[in-house]
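32 is the number that the working numbering gives to position 31 of the sequence shown; each next residue is one higher, with no gaps.
We put the CB at the ideal spot given by N, CA and C, even for glycine.
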Amino acid sequence: MKKSISVILFLLISTASFAGRYVITEAYGKKLLTPAYFYVGNRSVWTLDYRNGTMQNYKILLRRPDEPECNIEAMDDKGVKFQICITREFGRESVITLKYKDATYELIGRYYAE
């Protein structure tokens with residue numbers, strides 16, 4: 002019983018601490034002139050704000066407690082389902098992979114907690 006409670010608490014803490022934004026400096030293989038902001042975390046909709054009036058919203062459909070930053074099922078503004086995986090390393094650039102059925106895209110930037 003104690004072990005299962007400890008596991009549940011660990012999962013709650015690990016997923017609860019995942020809220021913030023990424024400052025994206027490279028998207029889709031190109032350097033951005035103005036960094037974009039990608040707001041993620043404990044939200045049902047994650048937003049990629051290019052800071053030029055263009056924004057993309059991603060509705061989070063499913064997040065697994067054992068993998069809070071990978072195998073995230075989402076849907077884009079056009080209703081297309083895909084998976085998000087975030088490879089995050091503190092103090093270094095992170096890679097956000099958007100994996101669609103026919104294509105894979107990468108966003109590169111740094112994470113800042115809220």
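What did DSSP end up calling S45 once you bin it into helix, strand or coil?
coil
In terms of DSSP beta bridges, what is C86 paired with?
T98
Determine the DSSP secondary structure at V81, reduced to helix, strand or coil.
coil
Between which two residues does the beta strand (DSSP E) harbouring T55 extend?
That residue, T55, is in no beta strand (DSSP E); it is neither H nor E in DSSP.
Inter-residue Cα distance where the pair is P36 and M56:
Approximately 13 Å between the Cα atoms of the pair.
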